[in-house]
Structures are given as structure tokens and as C-alpha cells.
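One structure is given here, and the rest of the page talks about it.
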Amino acid sequence: MDSNLIKVNTCRQGGHHAGSHLMMHGPRRSEALSPPHDAPPCSLDLSNCAVGAFRLHPARNAVTLDGTEFGIEPLVMDVLCYLVQRAGEVVTREEIIDHVWLDRPCGDESLTRAIAMLRRTFRKDESATDYIRTVWKRGYALEAPVRVRRAASPATASIADALVHPFVTDYSVAVLPFASMSATPTDAFLADGITRDLTMLLSRVPRLRVAAFSSVQTVGEGDVRLPDLTERLQVRYAVTGSIARNGDNFQLRAALMDGADDAQLWAQRFDAPLAQFYAVQDRIVLDVSSSLSSALQLAHAVALKGRRPFQLNAYQLVQRAEMLRLNYNRETAGEIVDLLERALDCDRADGAVHAALAVQHTQNVTSRFVDNPAETFSLAKSYLGEALALSPDDPEVLAAAGITASMMGNARRAVRFLTRAVERDPNNPHTLAVLGWQHCWLTGDADGVAMIRTAEERAPHHPRFALWAHYRGHAELRLGRVEEAITAYEEGQRRNPHYSLNLVTLAAALANAGREQEARRAIADLRQVAPEYRAADYEALVRRMVYWFGESPTGEEMIAAVRGIGL
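Taking UniProt numbering, the leading residue of the sequence shown gets 1, the next gets one more, and so forth.
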């Protein structure tokens, strides 16, 4: 065994270990762990872990024994990492399936196969008995000793290094708010929607930097000269236009302007039926990217294939749901679900709406906005599975899969999906913020915090801006920086005073820091918006989020702090 490895026994302290009788038959290379069965886990640096005689290499889905490497399938590695995070506990089959197989109905059979594959690999260590014990009618217990290297791995920042810093490019553009020229005021959502959609679509063009939609909304055009507008938004080019609806038809005018020269590069008028609304959007994206660079146009042409037919009612409902996030609370969360379900009724094959519903339902469980978490999680899984089946390469769907995994506590799966989403849509600040949070949880790498701050700098007017400070607080706790976590949670409260979960996590951090009077004030504020929230709800959240806490503070310490202030 590597002499630099130290036995892990500090993350779960105190209490009686209900499953201690199981540990007598563990691998003979070392004595087994004996943490309390009911203690919440702490997040280990899995890249520096050893399980029995094996070194873990989660990033490349492998383990090594005496220098020989054995490959492990990604989902099987997810199972192993989850058991490592809860070493010494009896983990039920249902807990493992919920953690690993978020969108697949065959989780039971897949788990049986995964355990068999892990045991087959661990039998390469001929000097030990079973590393994983089956506990009849309950689940599994990892009996092999878990150790962590004293020295941190320098390789964990590779993902963050590529994503934290805004990429340098001569191609930068902002989509200015389109004007609504319709006689009916309610048609304004079409102008808002096409501004948002063109921003999203252009952001997916490789090598093109796009100003955030929320930032553009705060820059009033009026009599401001175009060069001044583009300078404020730190872009060179701007897309401007107007739209007018007349019954089942619409007319759209669009132009591409060079802010440096105050010159028009391209302009076009489109007259088409509403059924061709998306097709017109795609044409604008291709024309704009072609005007900037033929290389951009050719690289992006394939990405616009396979879009769903335009549904006016669904489009309006999705736009309304997005705007509700500016004042996010239990009531608006319910309204968002209602609007998205109505949008789905208009088009059951819209993968993006399925994905949005999966995210919202998991967020509702995490925020304690529902009374039936198991049923709601099951519903979210169903929506996510359908979304991935319909649109497996859509960055919105990939981001939703990563966010759903985040809310269910699987940081490994979250990082996989979110990284793919960022690769396809590098301008999406929310995807970057969630990836930073999960990257920090998974690796203990402070660059995850920098990724969140980058998202905040890029889009300070985004509907989810308040959530990003909340995520930053989570990341700071993972790093053991409690005071920095408090600062982040306080920023989140200022941005959205009515988000109950942020008040819970703020109170917990304050209590852990010994600032009990302030913690009790946060609890009093919580009682105004979520009187039903209890310490047991926080404890359940901590147990599900196995990557949340490091060696200090531990999950157990945070739960004790919350109970100590009378939540």
C-alpha cells in the first residue's frame, strides 16, 4: 500500500455504527472502517483515493492494482464512487439506483450487473475477501478500507482552466431587443422570444462570443449611438430588428451592424407564415454567421437541423415560464411547472420542454417545494429520459441532464453532462455556473468558484443570478471556507429575499460559524416564506448531496449546528 495514503475515518464521527457487525469479514490488507451508519458522508477527493489494494482513477474510469490498470464503465464507476463516499454504511439498492440511473427504467438489473463487475475486478486482489458485501433485503456495504493521499492532485483544474476565462475572438455579437410592430400588445412576447432565441442560437456557433440576453435587456437603445452600445456590451457586432404579426403570418426585419464602423453589413426582410417562425430564425443565424465568417457558417450549419415545428401557444408559455424565474419562490415554481406542462400538451415531442420539466421538478424537491419528493423525483426521471431520447445532443437537454443530476446528488454524472453542454453552447452562463458548483464538489477545486463568478460577471441580470450566489456558497462550504460561504449566501438573499433554501443554508453556515444570533434571524426570515421547513428536511438534503462537504465542516457538524438553533 502506498505510504502516502492515510486511512479515512474523520468524516463521520460519534454515534453507534449500526452495521459494525458487517465489518468483521472485510479485506485482509487492513482493518475495515467503522463510521456510524447514520452519519452523513463527507466528500472525498476521489482522484486521490485507494479502496483496499486498488487506486481509484475516476476521471479516466479505471482502477489500478500494483501498476496494472483495469477499465471500468462510467456508470459502474459512479456506483463505486457512491459506495466510497458512504464507506462503512449499508446503502440500499433504491438509494444507489436513484443516485446513478436518473433517466433509465432498468436500474435494478443494471445495478446487479454493476456490482458483479466491481466484484470481478476486486477479485484481482487475491489476498482479500469480498470488498462489497450484500446485506440481505437491504443493499450493499463497501467493506474495503478507504484511504486518501495526503498530497492533492494538480490535475483537477483541467476542466476549469478551459472554461473560467472568456475566450478571445474577433467575432463577438449582441442581439439587441427586437421591436414589436404588431397592433396587438400581447404579441410582444414574439419580439422578446426571437431576441432570446437568436441569442441562444448564435451562442452555439463555434468561435462566436455572444452577449448575454439578460445583459442586453439593461442597455437602453434610445438615442445612444451604436458604437457606444457595442462598447458597453463589449462586442463588435449587433443584430437589430423588428417583428409584426398579422393573423397567421408575420413580417420580420433584421440587420447585422458593425459597431466599430457604425456600418450595416447585412439586412433582410422575411414574410412568412407563423409555421415557419423557427425556419426564419435559423436562416438569420446562418446569414449572420456567414456575414462574419464563412468558417463560422460552415461549422454551424449542421447544428440547426432537426428543429421542431413552431407552435405559437407553446412558445408563449415557455417564454412566460422563463420570466417567472426573476422572482423565484414556491408559488412561482408551481406556476412554472403548470406553464411547461401546458406547453408540452401543445407538442409532446419537444425535448427541451421535457428537459425543463425535469429540472423544475428536481429543483422543487431540493427546495422543499413539494410534499412528495419520491414521487416528484420519479416524475423528473421520466421527463429527463424522454428528453434525452428525443434530443440527445441538444445543449439545453444536456444541461438539464447535468442540473438534474446535481439536484439528485450525483456530481460525477452532472459534470459529464454539463461539460458536454458547455462544449456545445459555451456562452450559456447558467450551465457554466452549475458546472463550476459541481466541479468544485467533485474535485475540491477552487477553480469551480471562479467558474461561478465568471457566469455572474457575464450575465448579472440573468433570471437565475440569485441562484448562482447560492451555488457559490455551496462550493465555498465544500472548500471549508465557511465565512466566504456566508458572504455568498448573503448575496443570494439580497438578490432574492424569498428563496427559502438559501435562507436555510445561510442559517446553517452562520450557526456553524458560531454566529447564533444572526442564524436565528435567518430562521425567522425562513419562517415567513417556508414555515413548514424543518431540520429533518435539511438533514435529508445533506444525506442526498454526498459531495457537499469536505473534512471540515462535515455534514454531521452542519446538521448539529442547524438543530442547535432550533430549526
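No residue lacks a Cβ here, since even glycine has one placed at the ideal position from N, Cα and C.
Does the beta-carbon distance from residue i to residue j come in below 9 angstroms?
{"i": "I132", "j": "R119", "result": "yes"}
{"i": "L506", "j": "Y533", "result": "no"}
{"i": "L252", "j": "Q264", "result": "no"}
{"i": "E491", "j": "R472", "result": "yes"}
{"i": "L190", "j": "F270", "result": "no"}
{"i": "T195", "j": "F213", "result": "yes"}
{"i": "S391", "j": "A355", "result": "yes"}
{"i": "A421", "j": "E396", "result": "yes"}
{"i": "D192", "j": "Q276", "result": "no"}
{"i": "A401", "j": "L56", "result": "no"}
{"i": "Y383", "j": "H498", "result": "no"}
{"i": "R330", "j": "A530", "result": "yes"}
{"i": "R138", "j": "T64", "result": "no"}
{"i": "I336", "j": "A314", "result": "no"}
{"i": "V135", "j": "A114", "result": "no"}
{"i": "P373", "j": "S203", "result": "no"}
{"i": "L442", "j": "R412", "result": "yes"}
Is there a Cβ from chain D that is less than 9 angstroms from the Cβ of residue i?
{"i": "A513", "result": "Structure shown: chain D not included; a single protein chain is present."}
Can you give the beta carbon distance from residue i to residue j, rounded, assuming they're within the 8 angstroms contact cut?
{"i": "R86", "j": "V546", "result": "7 angstroms"}
{"i": "A174", "j": "V216", "result": "5 angstroms"}
{"i": "Q268", "j": "D287", "result": "6 angstroms"}
{"i": "L344", "j": "L326", "result": "Not really, about 22 angstroms apart at Cβ, beyond 8 angstroms."}
{"i": "M407", "j": "Q363", "result": "6 angstroms"}
{"i": "L226", "j": "A238", "result": "6 angstroms"}
{"i": "E143", "j": "D130", "result": "7 angstroms"}
{"i": "R544", "j": "G351", "result": "Incorrect: roughly 26 angstroms between the Cβ atoms, too far for contact."}
{"i": "G550", "j": "R478", "result": "6 angstroms"}
{"i": "V285", "j": "L198", "result": "7 angstroms"}
{"i": "residue 601", "j": "V148", "result": "Residue 601 falls outside the range modelled here, since the chain spans only 1 to 567, and no answer is possible."}
{"i": "residue 571", "j": "G52", "result": "Nothing about residue 571 can be reported from this structure: the residues present for the chain run from 1 to 567 only."}
{"i": "A475", "j": "V449", "result": "5 angstroms"}
For the alpha helix (DSSP H) that contains residue i, what are its first and last residues?
{"i": "Y82", "result": "P74 to Q85"}
{"i": "R495", "result": "V482 to R495"}
{"i": "G402", "result": "P395 to M407"}
{"i": "residue 595", "result": "What the structure shows of the chain is the stretch from 1 to 567, and residue 595 is not part of that stretch, so it cannot be assessed."}
{"i": "I559", "result": "G555 to G564"}
{"i": "R424", "result": "A411 to R424"}
{"i": "residue 568", "result": "Nothing about residue 568 can be reported from this structure: the residues present for the chain run from 1 to 567 only."}
{"i": "L479", "result": "Where L479 is concerned, there is no enclosing alpha helix (DSSP H), given that its DSSP letter is neither H nor E."}
{"i": "Q360", "result": "G351 to T366"}
Please report how far the alpha carbon of residue i lies from the alpha carbon of residue j, in whole angstroms.
{"i": "T112", "j": "E73", "result": "14 angstroms"}
{"i": "F369", "j": "S500", "result": "9 angstroms"}
{"i": "A446", "j": "R245", "result": "49 angstroms"}
{"i": "I243", "j": "P429", "result": "27 angstroms"}
{"i": "T376", "j": "L541", "result": "15 angstroms"}
{"i": "R527", "j": "Q493", "result": "14 angstroms"}
{"i": "A485", "j": "A513", "result": "10 angstroms"}
{"i": "A469", "j": "Y171", "result": "30 angstroms"}
{"i": "Q297", "j": "V205", "result": "Residue placement at Q297 is poorly supported in this model, since its pLDDT is 43, which falls under 50; the coordinates still yield a value, given next. Q297 and V205: Cα-Cα distance of roughly 8 angstroms."}
{"i": "D90", "j": "V84", "result": "This sequence places Val at residue 90; Asp is not what is there. Distance between the alpha carbons of V90 and V84: 12 angstroms."}
{"i": "D393", "j": "T454", "result": "25 angstroms"}
{"i": "E423", "j": "D248", "result": "37 angstroms"}
{"i": "A561", "j": "D78", "result": "30 angstroms"}
{"i": "L176", "j": "S47", "result": "45 angstroms"}
{"i": "G385", "j": "L398", "result": "11 angstroms"}
{"i": "A488", "j": "R563", "result": "22 angstroms"}
{"i": "T184", "j": "L274", "result": "16 angstroms"}
{"i": "M558", "j": "A535", "result": "11 angstroms"}
{"i": "Y538", "j": "E69", "result": "40 angstroms"}
{"i": "P553", "j": "Q360", "result": "29 angstroms"}
{"i": "W548", "j": "D228", "result": "44 angstroms"}
{"i": "T366", "j": "I565", "result": "21 angstroms"}
{"i": "residue 589", "j": "G334", "result": "Residue 589 is absent from the structure shown; the chain starts at 1 and stops at 567."}
{"i": "V224", "j": "E231", "result": "11 angstroms"}
Between which two residues does the beta strand (DSSP E) carrying residue i extend?
{"i": "E69", "result": "T68 to G71"}
{"i": "F178", "result": "Note, F178: premise wrong, no beta strand (DSSP E); not H, not E."}
{"i": "A62", "result": "A62 to L65"}
{"i": "A513", "result": "Where A513 is concerned, there is no enclosing beta strand (DSSP E), given that its DSSP letter is neither H nor E."}
{"i": "H57", "result": "F54 to H57"}
{"i": "V546", "result": "That residue, V546, is in no beta strand (DSSP E); it is neither H nor E in DSSP."}
{"i": "T92", "result": "V90 to T92"}
Give the DSSP bridge partners of residue i, in chain order.
{"i": "G241", "result": "A254"}
{"i": "residue 570", "result": "Past the edges of the chain, shown from 1 to 567, lies residue 570, and the structure says nothing about it."}
{"i": "R120", "result": "None; R120 has no bridge partner."}
{"i": "W266", "result": "L256"}
{"i": "L142", "result": "I132"}
{"i": "residue 584", "result": "No answer is possible for residue 584: it lies beyond the span of the chain, which begins at 1 and ends at 567."}
{"i": "C49", "result": "V148"}
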